[in-house]
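This report concerns only the one structure given below.
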């Protein structure tokens, strides 16, 4: 049962990009729907579960965590438009793992000892190589799109890094900070839409994309229970399998084309990313 619970967040987060590709719409539609869906689940959890009360500083830090996630997610949605799901997901996963690992070491003293740090650096090198292999393209126009996508993903990945780092600053359970995080996702999405294109609030695709936010939030909730059941390291490692679901789904379901050579490099890159994430999860 523990392994089954651990696999569910990976499945949910892997399905999200495929749902986005199927529903379509503009980036503003997508981020607004994601925010609304996240808030719905957050409210249900808030009223259904008896969670411990948290202080206002913890609440605000959790709120900010969710809002920063929106920065990373808007970058990811923009990258989907530029180079597709199957190109974006391995690269953004690599950026997320590298950034959160480095912050963990520098800010929170993770990977203690020289041996652990050397192993960690080796894992990060695997992630970098893996992300590079998945980005290999047989034509020049494709390469320019990949470069453009990377230039979007790299700065916006800071949002994911802060989203992951802020909860480590507070002494509270994952379940107790879940609602303020989801509220932060909604408020961040709303601010983004109000400053870019207010008209999408009434558009059908914005509300259709609510299902993506619901999938995201339910997966995040299950991850909390998985961490309790399996331990944080094991739960985290299993979530990284979402990159396989999303990448293969982009090729098989969204019909994103790759040449046989590109496909081989993508599979090799995915293997390295998964291995690298496993190593960082168990250091």
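In our numbering, the protein residues as written are 130 to 412. Backbone N, C-alpha and C define an ideal beta-carbon position, used for all residues, glycine too. Please read these numbers as outputs of a predicted model, since none were measured by experiment.
Cβ contact annotation for residue 346 (same chain, cutoff 7 Å, sequence separation greater than five): 166, 167, 170, 171, 311, in chain order. Judged by DSSP in its simplified three-state form, residue 370 adopts coil rather than helix or strand. Taking each of 381, 373, 390, 387 in turn and checking the Cα distance to residue 221, the smallest one comes out for 373.
Taking the Cβ atoms as the reference, residue 278 lies roughly 4 Å from residue 212, within the contact range of under 8 Å. Residue 354 has its alpha-carbon roughly 28 Å from the corresponding atom of residue 206.
For the pair residue 144 and residue 239, the Cα-to-Cα distance works out to about 31 Å.
Between residue 282 and residue 228, the CB-CB gap reaches or exceeds 7 Å.
Contact annotation: residue 391 and residue 267 have beta-carbon atoms nearer than 7 Å. Judged by DSSP secondary structure, residue 168 falls within the alpha helix (DSSP H) whose first and last residues are 156–177. Relative to residue 176, the option among 252, 309, 342 whose CA is nearest is 309. Burial is judged here by how many other beta carbons sit within 10 angstroms of a residue's own beta carbon; residue 247 has fewer than 16 and is exposed. For the pair residue 399 and residue 140, the Cα-to-Cα distance works out to about 16 Å. When DSSP states are grouped into helix, strand and coil, residue 242 belongs to the coil group. For residue 220, the enclosing alpha helix (DSSP H) has its first and last residue at 214–237. In the pairwise beta carbon analysis, the region 246–262 is classified as touching the region 393–409: at least three pairs are separated by under 8 Å.
Nearest neighbour of residue 368 by Cα position, chosen from 198, 378, 196, 352, turns out to be 352. In this structure, DSSP gives residue 278 a helical state, which the three-state scheme calls helix. Contact check for residue 322 against residue 161 passes: the beta carbons are separated by less than 7 Å. With contacts defined as CB atoms closer than 7 Å, residue 292 and residue 230 fail to qualify as a contacting pair. For residue 409, the enclosing alpha helix (DSSP H) begins and ends at 389–411.
Membership of residue 357 in the alpha helix (DSSP H) is indicated by the continuous run 339–359. Residue 314 sits in a helix when the DSSP states are folded into three classes.
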